[in-house]
Structure formats: structure tokens, C-alpha cells
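Structure first, commentary second.
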Amino acid sequence: MNEQSLLRYSRQLLLTNFDIDGQMNLSGKQAVVIGAGGLGNIAATYLVGAGVGSLTLIDDDEIELSNLPRQVLYTEQDVQKPKVLAALEQLQARNAEVQIRTHQLRLNEDNIDQCLAACDVILDCCDNFATRQMVHRWAQTHKVPLVSGAAIRWEGQLVVFRYDEQCSPCYECLYPDLSDQQLSCNSNGIIGPVVGTIGVQQALSAIKLLSGKGTVKHGVLQLFDGLSGDWRSMRLSQDPECPCCGAQNS
1 MNEQSLLRYS RQLLLTNFDI DGQMNLSGKQ AVVIGAGGLG NIAATYLVGA GVGSLTLIDD
61 DEIELSNLPR QVLYTEQDVQ KPKVLAALEQ LQARNAEVQI RTHQLRLNED NIDQCLAACD
121 VILDCCDNFA TRQMVHRWAQ THKVPLVSGA AIRWEGQLVV FRYDEQCSPC YECLYPDLSD
181 QQLSCNSNGI IGPVVGTIGV QQALSAIKLL SGKGTVKHGV LQLFDGLSGD WRSMRLSQDP
241 ECPCCGAQNS
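Per UniProt numbering, the sequence shown runs over residues 1 to 250.
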């Protein structure tokens, strides 16, 4: 670690339960953020700021005016630009030490192996169920931890699946049947700070996973109510009838 890095990350290095060991672990790891919307904006910003070794950002959308209240990396001048390219410019300006890759595409069965290759953690920040399901199945198959976040209306949720360590409930145990309409901000609405709250928690969980420091709750659904400011948690159990990880698939 050079003198500039020591200065940049000095406040993290002061933490006795993080210090140089945690920083070196973090700087040698690769995170993938799927979705460059409200969740991905916040999560990617904190990962890059903390000094993750490399970051891959995946999204096929362009910026719309209605994105600006909650997607804080973008400005009015970015409207109609590809999200990943506008995000890349802002993120690289924040930390030129981090290697940032972008894929302006929607993940599918043909490109997912290439896009997620060699990653150490996946942050699911996307906005459609089909992609979420495909990403979770890839993460489970390849034993990669998955940090899944979602936000709609005044509510947010976070759950971490430690597919890298042990048998645990999977995403489809939690949501065996979910439609994209249920996930749509276009039809349900969203308040920006709720998205930010979940994105911050996704980044924090990923930093702890990558650095090997701190405790990460896995298989626990954490629910945030933005109107009341309350959090509540529910421990998930594996569904023996789950089409992905149930006993019949063992």
C-alpha cells in the first residue's frame, strides 16, 4: 500500500477490527453490481470509495428525468445517456485506483458467465424478477455470496445469501413466484431515501464479506419501513419443495 492509499483510507485503517488487513483483503477482491439505478448508485459509490479492488457495473438502461430524485450519480445533463457510462465517469473521478468495468446489456444465459466471471460478491440491485432469479441461480451454482436489495413505495428489504459457505435458504425459498409488476417503481412509486438506505446496507454487507471483517447476517430478511423508520428481521428457512434448492434437487 503506497503513501497515497494510506492517506486515502486512513479513517478505515484506524478501525482496530478492520485496519490494514481488512483494507488489503478488500483491495484484492472483485464486486459485481447488477443494476445502475437507485440501489446500484449508492452501493457502487461506497464500494469504490472504500477501495474495492475492482467493480463491474451491469445495466442496459438509459437515464430518464424521473430517475434523478433517487439515482444520485446522475445529473440533468446525463438524461438519455447510458447509465453505466455516466456512472463510470462519476465513480472513476472519485477513485482512480479502482478498476471499473461496465457492461451495457441485460444479463441472459448467453452472457452471464462472461459478465460474472471471477467475482467475489454479487450485489443484486436490479429491477426485474427474471434477472434476479437467473443471478441467484448462477450465484448458488458458483458458490458466490449474493447481497440482494429491493425497494418499493416506502419499503425496503435486504437479504444476504452465503452460497459460498454453507447450505442456506435461497432466493426462491423466499420468492417462489414473484411478478415483475410487483417490483415496478413505475406503477408503485418510490421515495428516494428508502433506496439509499438499502443501497448503503448492501455496500456495508459487501465490504464486510470482501474484507473478512465484521459479521454479516445471512439467510435473514431485513425489512425497512421508511414511514415509521422501523426495521424488523425474519430468519428464513429452506423450503423442502423449493424448485431450486429443495430436497428433491439435492
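For every residue, glycine included, the Cβ atom is placed at its ideal position computed from N, Cα and C.
When the Cα atoms are used, what is the spatial distance from residue 99 to residue 1?
Residue mapping note: residue 99 aligns to position 99 of the sequence shown, counting from 1. Residue mapping note: residue 1 aligns to position 1 of the sequence shown, counting from 1. CA-to-CA, the gap between residue 99 and residue 1 works out to about 16 Å.
Identified DSSP bridge partners for residue 234
Sequence index remark: in the sequence shown, residue 234 carries index 234 (1-based). In the DSSP assignment, residue 234 forms a beta bridge with 221.
Between the Cα of residue 234 and those of 241, 219 and 244, spot the shortest distance and give me the residue it belongs to.
Counted from its first residue, the sequence shown places residue 234 at position 234. Scanning 241, 219 and 244 for the CA closest to the CA of residue 234 turns up 219.
Out of 243, 217 and 18, which one is the CA nearest neighbour of residue 174?
As a position in the sequence shown, residue 174 is number 174, starting the count at 1. By alpha-carbon distance to residue 174, the top candidate from 243, 217 and 18 is 243.
Candidates 245, 241, 160 and 33: which alpha carbon is nearest residue 223's?
One-based indexing of the sequence shown puts residue 223 at position 223. The residue with the shortest Cα to Cα distance from residue 223 is 160.
Which same chain residues, not among the five before or five after residue 5, have their C-beta less than 6 Å away from its C-beta?
Here residue 5 corresponds to residue number 5 of the sequence shown, with the count starting at 1. Around residue 5, the same chain offers no residue with a beta carbon nearer than 6 Å, after the five sequence neighbours per side are excluded.
Could you pull out every residue in the same chain whose Cβ sits closer than 6 Å to the Cβ of residue 245, ignoring the five residues on either side in sequence?
Position 245 of the sequence shown, counted from the start, is the residue given in the question as residue 245. Cβ contact annotation for residue 245 (same chain, cutoff 6 Å, sequence separation greater than five): 170, in chain order.
Grab me the residues of residue 215's own chain with a C-beta within less than 8 Å of its C-beta, minus the 5 sequence neighbours each way, in chain order.
Within the sequence shown, numbered from 1, the residue matching residue 215 stands at position 215. These residues qualify, in order along the chain: 208.
Taking only the alpha-carbon atoms, compute the straight-line gap between residue 194 and residue 212 and give it to the nearest angstrom.
The residue labelled residue 194 in the question sits at position 194 within the sequence shown. The residue labelled residue 212 in the question sits at position 212 within the sequence shown. Those two C-alpha atoms are separated by around 27 Å.
Look at residue 156 and residue 124 and say whether their C-beta atoms are less than 8 Å apart.
Within the sequence shown, residue 156 is the residue found at index 156, counting from 1. Within the sequence shown, residue 124 is the residue found at index 124, counting from 1. No; because the gap between Cβ atoms is not below 8 Å, this pair is not in contact.
What are the start and end residues of the beta strand (DSSP E) that includes residue 152?
For the purposes of this step, residue 152 is taken as the residue at position 152 of the sequence shown. From DSSP, the beta strand (DSSP E) with residue 152 extends over 146-152.
If you draw a straight line from the C-alpha of residue 8 to the C-alpha of residue 23, how long is it?
Taking the first residue of the sequence shown as position 1, residue 8 is located at position 8. Taking the first residue of the sequence shown as position 1, residue 23 is located at position 23. If you take the alpha carbons of residue 8 and residue 23, they lie about 11 Å apart.
For the beta strand (DSSP E) holding residue 124, just list the boundary residues, first then last.
On the sequence shown, residue 124 is found 124 positions in, with the first residue counted as 1. For residue 124, the uninterrupted beta strand (DSSP E) run begins and ends at 121-124, by DSSP.
Any idea what DSSP makes of residue 18, helix, strand or coil?
The residue labelled residue 18 in the question sits at position 18 within the sequence shown. Residue 18: coil per DSSP, three-state reduction.
Touch test, the stretch 63-79 against the stretch 28-48, Cβ-Cβ under 8 Å, three pairs minimum:
Yes, the stretch 63-79 touches the stretch 28-48.
Suppose contacts are defined by Cβ-Cβ distances below 8 Å. Is residue 191 in contact with residue 154 by that definition?
Against the sequence shown, residue 191 aligns to sequence position 191. Against the sequence shown, residue 154 aligns to sequence position 154. In this structure, residue 191 sits near residue 154, with a CB-CB distance shorter than 8 Å.
Contact criterion: CB-CB distance below 8 Å. Does residue 115 meet it with respect to chain C?
In the structure shown, chain C does not exist; there is a single protein chain.
Provide the residue span of the beta strand (DSSP E) that contains residue 11, from first to last.
For the purposes of this step, residue 11 is identified with residue 11 of the sequence shown, where counting begins at 1. Run containing residue 11: none in the beta strand (DSSP E); it sits in the alpha helix (DSSP H), 10-13.
8 Å CB neighbourhood of residue 136 in its chain, flanking five on each side removed:
Taking the first residue of the sequence shown as 1, we reach residue 136 at position 136. 124, 146, 148, 161, 170, 171, 172 and 244, listed in sequence order.
Cβ of residue 102 within 8 Å of Cβ of residue 116?
Walking along the sequence shown from the start, residue 102 turns up at place 102. Walking along the sequence shown from the start, residue 116 turns up at place 116. Cβ distance not < 8 Å, so residue 102 and residue 116 don't count as in contact.
Would you report the Cα separation of residue 111 and residue 3, rounded to the nearest angstrom?
On the sequence shown, residue 111 is found 111 positions in, with the first residue counted as 1. On the sequence shown, residue 3 is found 3 positions in, with the first residue counted as 1. Taking the Cα positions, residue 111 is about 39 Å away from residue 3.
Just the Cα atoms here: how many angstroms apart are residue 158 and residue 236?
In the sequence shown, counting from the first residue as 1, residue 158 sits at position 158. In the sequence shown, counting from the first residue as 1, residue 236 sits at position 236. Distance between the alpha carbons of residue 158 and residue 236: 12 Å.
Express the C-alpha separation of residue 119 and residue 32 in angstroms, rounding to a whole number.
Residue 32 sits at position 32 when you count from the first residue of the sequence shown. Residue 119 sits at position 119 when you count from the first residue of the sequence shown. Each residue's Cα considered, the two are about 7 Å apart.
Would you list the one or two residues that DSSP bridges to residue 31?
Reading the sequence shown from its first residue, position 31 is the one you call residue 31. In DSSP, residue 31 forms a bridge with 55 and 121.
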